[in-house]
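Everything below concerns the one structure shown next.
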Amino acid sequence: MDDALFPKGVKRCPLPEFLMKLGPVVALLIWGVVAMLMCWIKGLNQTNMNDAYGFAAWIWADLTVIALGGGAFFTGFLRYLIGKEKLKNIINFAVLIGFICYSSALLILAIDIGQPLRGWFIFWHANVHSMLTEVAFCLTCYFGVLTIEYLPLVLENRQIDRVPFFHNLTHHMHEVMPLFAATGAFLSFFHQGSLGGVAGVLFGRPFAFREGLFIWPWTFFLFTWSAAAYGPCFTIMLAKITEKVTGKRLIKDDVYDLLAKIAGWMMATYIVAKIIDTWYWATVTAPARGMTFMQFYSNNPLYGIWILILEIVIGGVIPAAILLTRKGRNTPFALMTAVVLGVIGVCVNRWVMVLQTLAVPVLPFEGWPMYYPSWQEVATTLLPVAYGIILVAFSYRYLPVFPQEAELNPIVSEPAAPPAPAPDTDAEPADAELSPAQA
Amino acid sequence: MKHEQAKKYGMVIDLDKCTGCGACMVACMAENNVPFKEDETNKLDSITWMRVYQLTNGKPFPDTDICYLPRPCMHCEGDHGHSPCVSVCPATATDYSMDTGIVSQIYTRCFGCRYCMAACPYHARYFNWWDPVWPNGMEKYLNPNVSPRMRGVVEKCSFCYHRYQLAKDRAFMEGRRELEEEEYQTACTQACPAGAIVFGDLNNKTHRVHQIVQPDPAHAGRPKNPKAFRLLERLGTNPKVYYLSSREWVRRSGDHYLPHEGPGGGH
Ligand code: SF4
Ligand code: SF4
Chain A
249 MDDALFPKGV KRCPLPEFLM KLGPVVALLI WGVVAMLMCW IKGLNQTNMN DAYGFAAWIW
309 ADLTVIALGG GAFFTGFLRY LIGKEKLKNI INFAVLIGFI CYSSALLILA IDIGQPLRGW
369 FIFWHANVHS MLTEVAFCLT CYFGVLTIEY LPLVLENRQI DRVPFFHNLT HHMHEVMPLF
429 AATGAFLSFF HQGSLGGVAG VLFGRPFAFR EGLFIWPWTF FLFTWSAAAY GPCFTIMLAK
489 ITEKVTGKRL IKDDVYDLLA KIAGWMMATY IVAKIIDTWY WATVTAPARG MTFMQFYSNN
549 PLYGIWILIL EIVIGGVIPA AILLTRKGRN TPFALMTAVV LGVIGVCVNR WVMVLQTLAV
609 PVLPFEGWPM YYPSWQEVAT TLLPVAYGII LVAFSYRYLP VFPQEAELNP IVSEPAAPPA
669 PAPDTDAEPA DAELSPAQA
Chain B
5 MKHEQAKKYG MVIDLDKCTG CGACMVACMA ENNVPFKEDE TNKLDSITWM RVYQLTNGKP
65 FPDTDICYLP RPCMHCEGDH GHSPCVSVCP ATATDYSMDT GIVSQIYTRC FGCRYCMAAC
125 PYHARYFNWW DPVWPNGMEK YLNPNVSPRM RGVVEKCSFC YHRYQLAKDR AFMEGRRELE
185 EEEYQTACTQ ACPAGAIVFG DLNNKTHRVH QIVQPDPAHA GRPKNPKAFR LLERLGTNPK
245 VYYLSSREWV RRSGDHYLPH EGPGGGH
């Protein structure tokens with residue numbers, strides 16, 4: 249029915265089946281939209297946030313998707329600036345995931361603020377001393393960069409590409425892509441870092457506060473570093489899940505291997521830095537404020553020392569160790585375990601930096617307030633997940649997201665449609681990258 | 005025209021005198037048009053610019069002792085006006101005044117990100133989770149000098165800044181620049197039946213607050229009075245609200261101390 253829109257040389261399921269499969273996801277999306285409208289119309293009393301938890305599930309989700317979306321800037325950085333050519337086979341997917349993550353983050357922020365119509369005040373009345381201002385500026389600019397990076401992929405749709413203007417535009421955009429990749433890496437360095445700074449500068453919150461370099465607390469650097477380490481893990485994890493769902497191999501193993509190896513090194517170095525940071529905080533920073541390490545991990549029903557072990561050992565040391573060995577990277581189960589653990593590790597890190605920071609009682613005569621999200625918060629947090637699945641599904645169906653797909657899945661059993669080049673366009677290399685402009 | 009000397013308005017609350025009656029809380033709510041809910045039992049989402057805490061020494065009878073501690077906004081100066089909350093607000097919706105030392109809140113500019121709440125260790129900031137609803141007829145009794153707040157913004161104690169403005173206006177009309185001590189007093193100070201709250205200019209040696217606290221400018225305003233202390237002194241928030249207590253355990257309840265740190269340790 250919609251075959252004419254498919255990328256060249258690949259097979260897709262019939263449209264009704266495709267739409268049917270997306271049914272439950274659309275239901276999830278609608279649930280999220282209802283909750284979002286309730287929050288906008290009735291206000292944030294629809295959440296379980298309160299004056300002790302001014303930041304909660306949404307800010308956690310924000311910080312997390314931005315860290316996970318870090319795969320886009322870091323893969324772009326490796327491909328265009330370091331020259332890891334092989335990564336061109338996963339960069340489209342990384343950009344797509346980044347685009348989804350960042351658009352989700354902006355949407356969640358728009359729901360999270362008490363007066364959404366005043367959201368622009370952050371730009372208009374900007375306080376240059378606030379880490380959140382830096383986040384807002386860099387995040388918005390970087391979302392623009394991601395859109396520019398995603399656009400050529402949309403234009404490479406088989407039908408759009410037939411229009412000479414779009415074909416040439418795509419070509420030229422690819423030519424300047426290294427510039428955008430560099431801009432993206434620069435912006436990402438700052439907003440990922442500033443998100444770490446958001447917690448690290450809170451000198452009234454001894455759990456989060458860190459010393460640092462000039463105006464930047466150590467969390468600034470740790471957040472950027474962890475996004476570069478864990479973002480690619482998320483990209484790999486989702487690519488593997490996409491392969492499972494589609495029942496096809498979409499990316500060659502050597503591409504995974506390279507990205508996983510780099511992520512492994514980033515993670516290993518990050519986790520060493522994180523351990524040193526934690527050690528210094530526990531032995532110097534917190535005691536200087538009269539607080540002992542165990543004060544942050546006791547006398548409450550949830551936050552025990554287990555959470556630190558989950559974050560650093562299970563979500564950091566173990567996946568890094570797996571990814572650093574060739575055997576670990578090349579064993580599908582081990583690779584999947586490592587990236588999943590890594591994703592858990594970074595999710596836990598962002599959780600504690602937001603929620604445990606607020607949970608730890610600072611006034612000595614106060615107790616630990618506890619929090620669980622309301623259904624409206626859960627639904628609005630799942631909304632971007634549903635939207636992400638839909639965008640990945642449509643992009644996969646109609647856009648050449650995976651340049652190696654045709655090569656890895658040759659169409660053999662269809663005598664009616666031999667894999668001959670279409671007569672109306674130039675034959676394109678399988679990796680659909682930098683195709684020559686039409687004469 | 006001669007420039008006025010910068011003020012540093014602050015407060016000292018004598019915890020030996022405070023009976024925990026809550027008159028300061030009531031006066032504050034009425035003075036500042038603070039909205040309330042039908043059911044105020046959940047203190048985590050109700051607004052109390054001034055909140056009275058109950059502290060106990062945790063000892064069994066007959067050594068049990070309690071103390072009431074009223075907590076307004078501390079109007080933290082931080083390091084040269086770098087208050088925990090002011091420095092983080094992305095929209096410059098809260099500000100530290102170098103002229104008065106008052107941390108203001110601009111309701112019409114605040115867009116409700118709540119970062120300042122995360123930054124304040126004293127829980128002095130409150131979010132308007134609901135639009136204010138006044139019982140029938142009560143809107144006629146609202147204070148015309150204080151703007152009510154809408155849903156979705158943060159509010160907090162302003163040291164009754166509108167009273168400062170009124171007092172300044174009056175003084176100006178009378179051809180004066182400086183205010184007398186009693187010309188500008190907060191509602192809680194005046195309402196306290198025990199006279200536990202003393203308010204004034206910490207920079208002015210003739211003001212009682214200065215005389216009681218004896219702030220040490222060389223040490224970020226730390227009190228020289230051995231009975232005086234500030235909440236969470238060690239965080240470096242540099243608050244302008246001081247407390248007085250003759251009881252050692254009360255003074256130590258104001259901050260965290262490591263097990264080996266004896267009384268007064270860590271400062
Ligand atoms: S007590 Fe809280 S709200 Fe008041 S100035 Fe200090 S940090 Fe800001
Ligand atoms: S909630 Fe309002 S005052 Fe507080 S940081 Fe955000 S914009 Fe500033």
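The listed protein sequences derive, respectively, from chains A and B.
Throughout the first sequence, residue numbering follows my numbering, covering 249 to 687 in sequence.
Throughout the second sequence, residue numbering follows my numbering, covering 5 to 271 in sequence.
Glycine residues also receive a C-beta, built at the ideal position from the N, C-alpha and C atoms.
Buried or exposed for residue i, please, with buried defined as at least 16 other CB atoms from any protein chain shown within 10 angstroms of its CB.
i              : result
residue 636(A) : buried
residue 341(A) : buried
residue 442(A) : buried
residue 69(B)  : exposed
residue 32(B)  : buried
residue 261(A) : exposed
residue 12(B)  : buried
residue 127(B) : buried
residue 695(A) : A question about residue 695(A) goes unanswered here, because the residues of chain A that appear run from 249 up to 687.
residue 524(A) : exposed
residue 576(A) : buried
residue 506(A) : buried
residue 651(A) : buried
residue 133(B) : buried
residue 672(A) : Interpretation of residue 672(A) is limited by its pLDDT of 42, a score under 50 that renders its predicted location unreliable; no figure is taken from the coordinates.
residue 480(A) : buried
Report the CB separation of residue i from residue j in whole angstroms; it is logged as a contact under 8 Å.
i              : j              : result
residue 273(A) : residue 569(A) : Rounded, the Cβ-Cβ distance is 35 Å, inconsistent with contact.
residue 124(B) : residue 445(A) : With 8 Å as the limit, residue 124(B) and residue 445(A) do not qualify as a contact, their Cβ atoms being about 18 Å apart.
residue 14(B)  : residue 246(B) : 7 Å
residue 164(B) : residue 200(B) : Contact doesn't hold; Cβ gap of about 17 Å is too wide.
residue 337(A) : residue 499(A) : 6 Å
residue 102(B) : residue 158(B) : Residue 102(B) to residue 158(B), Cβ: 22 Å. No contact.
residue 262(B) : residue 535(A) : 6 Å
residue 410(A) : residue 256(A) : Residue 410(A) to residue 256(A), Cβ: 12 Å. No contact.
Do residue i and residue j have their CB atoms nearer than 8 Å?
i              : j              : result
residue 237(B) : residue 259(B) : yes
residue 315(A) : residue 518(A) : no
residue 305(A) : residue 625(A) : yes
residue 394(A) : residue 318(A) : no
residue 291(A) : residue 155(B) : yes
residue 94(B)  : residue 241(B) : no
residue 381(A) : residue 403(A) : no
residue 75(B)  : residue 100(B) : no
residue 544(A) : residue 449(A) : no
residue 550(A) : residue 566(A) : no
residue 149(B) : residue 170(B) : yes
residue 41(B)  : residue 50(B)  : yes
residue 533(A) : residue 428(A) : no
residue 367(A) : residue 131(B) : no
residue 641(A) : residue 280(A) : no
residue 187(B) : residue 195(B) : no
residue 257(B) : residue 59(B)  : yes
residue 1(B)   : residue 96(B)  : There is simply no residue 1(B) to check, as chain B begins at 5 and stops at 271 in what is shown.
residue 603(A) : residue 308(A) : yes
residue 4(B)   : residue 202(B) : Nothing about residue 4(B) can be read from this structure; chain B reaches only from 5 to 271.
Can you check DSSP and say which residues form a bridge with residue i?
i              : result
residue 33(B)  : In DSSP, residue 33(B) forms no bridge with anything.
residue 159(B) : 130(B)
residue 109(B) : 98(B)
residue 202(B) : 16(B)
residue 60(B)  : 70(B)
residue 430(A) : DSSP lists no partner for residue 430(A).
residue 232(B) : 248(B)
residue 219(B) : 227(B)
residue 86(B)  : 82(B), 83(B)
Taking Cβ-Cβ distances shorter than 7 Å, what residues in chain C pair up with residue i?
i              : result
residue 367(A) : Included in the structure are the protein chains A and B, with no chain C among them.
Going along the chain, which residues of the stretch 446-462 of chain A sit with their C-beta nearer than 8 Å to a C-beta in chain B?
-> 446, 449, 450, 451, 452, 453, 454
Can you list, in chain order, the residues of the stretch 349-365 of chain A whose Cβ is nearer than 9 Å to any Cβ on chain B?
-> 357, 360, 361, 362, 363, 364, 365
Using a Cβ-Cβ cut-off of less than 9 Å, list which residues of the stretch 117-137 of chain B approach chain A; keep chain order.
-> 117, 118, 119, 120, 121, 122, 123, 124, 125, 126, 127, 129, 130, 131, 132, 133, 134, 135
Relative to chain B, which residues along the stretch 610-624 of chain A have a C-beta separation below 8 Å, given in chain order?
-> 610, 611, 612, 613, 614, 617
Which residues, in chain order, does the stretch 294-328 of chain A contribute to contact with chain B at a C-beta distance below 7 Å?
-> 298, 299, 300, 302, 303
Using a beta-carbon distance cut-off of less than 8 Å, what residues from the stretch 251-267 of chain B approach chain A?
-> 257, 258, 259, 260, 261, 262, 263, 265
Interface residues of the stretch 75-95 of chain B facing chain A [CB-CB below 7 Å] | 88, 91, 92, 93, 94, 95
Using a Cβ cut-off of 7 Å, which residues of the stretch 166-180 of chain B contact any Cβ in chain A, in chain order?
-> none
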